[in-house]
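Novice: Here the sequence shown is numbered in this note's numbering, starting from 398 and rising by one per residue. Cβ coordinates follow ideal geometry from the N, Cα and C atoms, glycine included. Since this is a predicted model, take the numbers as computed values, not measurements. One structure is given below, represented as structure tokens, and several questions about it will come after.
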Amino acid sequence: MGRVKRPVRFDLRPGEILAGKFEVVRFLGRGWEGEVYRVRERGTGIERAAKLFYPQRDRRGRAAAFHARKLHKLRHCPLLIQYHARETIDWRNEEVTMLVSDLVEGMLLSGFLATRPGRRLGVFEGLHLLHTLAAGVEIIHDAREYHGDLHDDNVMVRRVGLGFHVKLVDMYDWGVPSAENIREDVVDLVRIFYDCLGGAPRYARQPRIVKEICRGLKRSLIVRRFRTAGALRRHIEQIEWD
């Protein structure tokens, strides 16, 4: 018998049953590691999110185990999705790991920006979003951990009054946590803020309070001023408006 070909995509259909416990409701998204589906728990009707890892990118379940352990360790961080369970399903004679977590309502930040006039946020809105992100990532940094993959396709947002309800999806394993990992998270947070306000085409016209954070998007200047997400959060709280 020839070697079983690993799936390029799972492409699960609504109604399919996973691990005998979850019914597929609909496809939510696809990334480098795998695919995410909205699923309904049989017997309770509770809806969850299920991430299925591509076997070729989850050797011996290591990637899934990394995500599960990290989400459990950081379960008190309000920005992170709450992990529930790990399941193994059979897919074309091959074991596939599935992580089940809370279902998050909202839109990816990239999609949310696409609905806004000019595909950008105002300065006040952007600062609210950045403060929420920085305060949440600060909890991760205080636990001597890092996110490792912050960008607008890994941030889920839902508008709530003047602010935002925010969740982070996916994390990346760059190895043992280090000061360098933490600094990269901070640079990524500033880049998200910069892009949300319109990026390079609008930067020259941004007010002083924006430029004091973005610092021309020069990494060395950003990390010199903000060594952790906590430092960035405190700076935003102390802003003096002209």
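When the distance is taken between beta carbons, is V563 closer than 8 Å to T529?
Specialist: Numbered from 1 along the sequence shown, position 132 holds the residue referred to as residue 529. Numbered from 1 along the sequence shown, position 166 holds the residue referred to as residue 563. Yes, Cβ-Cβ distance for T529 and V563 is below 8 Å.
Novice: Taking one C-beta from the segment 558-575 and one from the segment 595-611 each time, how about it: are there three or more such pairs within less than 8 Å?
Specialist: Verdict: no, contact absent.
Novice: Using only CA atoms, which one of A446, G442 and R406 lies nearest to V433?
Specialist: Residue mapping note: residue 433 aligns to position 36 of the sequence shown, counting from 1. Looking at the Cα atoms, A446 is the closest of the given residues.
Novice: What did DSSP end up calling S575 once you bin it into helix, strand or coil?
Specialist: Here the question's residue 575 lines up with position 178 in the sequence shown. Coil.
Novice: Would M568 and G545 be called neighbours here (beta carbons separated by less than 8 Å)?
Specialist: Numbered from its first residue, the sequence shown carries residue 568 at position 171. Numbered from its first residue, the sequence shown carries residue 545 at position 148. The answer is yes: Cβ separation under 8 Å.
Novice: Is it true that the segment 496-508 meets the segment 544-559, where meeting means three or more beta-carbon pairs spaced less than 8 Å apart?
Specialist: The answer is yes - the segment 544-559 touches the segment 496-508, with three or more Cβ pairs under 8 Å.
Novice: To the nearest angstrom, report how far apart D582 and A626 are at their CA atoms.
Specialist: Taking the first residue of the sequence shown as 1, we reach residue 582 at position 185. Taking the first residue of the sequence shown as 1, we reach residue 626 at position 229. So the two alpha carbons sit approximately 8 Å from each other.
Novice: In the segment 444-484, which residue ranges form an unbroken beta strand (DSSP E) of at least 3 residues, counting only runs that do not cross its ends?
Specialist: Listed in chain order, they are 444-450.
Novice: Near G560, what residues of its chain come up, given a Cβ to Cβ distance below 7 Å and the 5 sequence neighbours on each side ignored?
Specialist: Here residue 560 corresponds to residue number 163 of the sequence shown, with the count starting at 1. Contacts found: H525 and T529.
Novice: Taking the runs of the alpha helix (DSSP H) that are 4 residues or longer, which of them lie wholly in the segment 478-564?
Specialist: Taking only runs of at least 4 residues, the alpha helix (DSSP H) segments lying wholly in the segment 478-564 are 506-511 and 520-539.
Novice: Using DSSP with H/G/I as helix, E/B as strand and the rest coil, what is F623?
Specialist: Counted from its first residue, the sequence shown places residue 623 at position 226. Note: F623 maps to coil in three-state DSSP.
Novice: In three-state terms, what does DSSP make of F407?
Specialist: Position 10 of the sequence shown, counted from the start, is the residue given in the question as residue 407. Coil.
Novice: Taking the Cβ atom as the reference point for each residue, do V493 and A482 lie within a distance shorter than 8 Å?
Specialist: Taking the first residue of the sequence shown as 1, we reach residue 493 at position 96. Taking the first residue of the sequence shown as 1, we reach residue 482 at position 85. Contact flag unset, no.
Novice: Who are the Cβ neighbours of A465 in its own chain at under 7 Å, not counting the five residues just before and after it?
Specialist: Locating residue 465 in the sequence shown gives position 68, where the first residue counts as 1. Correct list, in chain order: Y480, R483 and L496.
Novice: Use the C-beta contact count for D408: other C-beta atoms within 10 angstroms, 16 or more gives buried, fewer gives exposed.
Specialist: Position 11 of the sequence shown, counting from 1, holds the residue named residue 408. With fewer than 16 Cβ atoms within 10 Å of its Cβ, D408 is classed as exposed.
Novice: Assuming E432 is part of the beta strand (DSSP E), what are its boundary residues?
Specialist: Working through the sequence shown from its first residue, we reach residue 432 at position 35. Per DSSP, E432 belongs to the beta strand (DSSP E) from G431 to E438.
Novice: With DSSP run on the structure shown, which of helix, strand or coil describes R423?
Specialist: Numbered from its first residue, the sequence shown carries residue 423 at position 26. R423 falls in the strand class under three-state DSSP.
Novice: Does the beta-carbon distance from D549 to L510 come in below 8 Å?
Specialist: Numbered from 1 along the sequence shown, position 152 holds the residue referred to as residue 549. Numbered from 1 along the sequence shown, position 113 holds the residue referred to as residue 510. The answer is yes: Cβ separation under 8 Å.
Novice: In whole angstroms, what is the alpha-carbon distance linking H538 and D487?
Specialist: Indexing the sequence shown from 1 puts residue 538 at position 141. Indexing the sequence shown from 1 puts residue 487 at position 90. Cα to Cα, the separation comes out at about 37 Å.
Novice: Taking the C-alpha atoms as reference points, what is the distance between R423 and R605?
Specialist: Taking the first residue of the sequence shown as position 1, residue 423 is located at position 26. Taking the first residue of the sequence shown as position 1, residue 605 is located at position 208. So the alpha carbons of these two residues sit roughly 45 Å apart.
Novice: To the nearest angstrom, how far is the alpha carbon of G399 from that of R489?
Specialist: As a first step, residue 399 is located in the sequence shown; it is residue number 2 there, counting from the start. As a first step, residue 489 is located in the sequence shown; it is residue number 92 there, counting from the start. Note that G399 has pLDDT 47, beneath the 50 cutoff, so the model's placement of it is unreliable and the number below is only indicative. Their Cα atoms are separated by approximately 13 Å.
Novice: Since I believe G523 is in contact with C593 (beta carbons under 8 Å), could you give me their beta-carbon distance rounded to a whole number of angstroms?
Specialist: Reading the sequence shown from its first residue, position 196 is the one you call residue 593. Reading the sequence shown from its first residue, position 126 is the one you call residue 523. The Cβ separation is near 5 Å, so the contact holds.
Novice: Is it buried or exposed for I579, if we count other Cβ within 10 angstroms and need 16 for buried?
Specialist: Here residue 579 refers to the residue found at position 182 of the sequence shown. Buried, by the Cβ-count rule.
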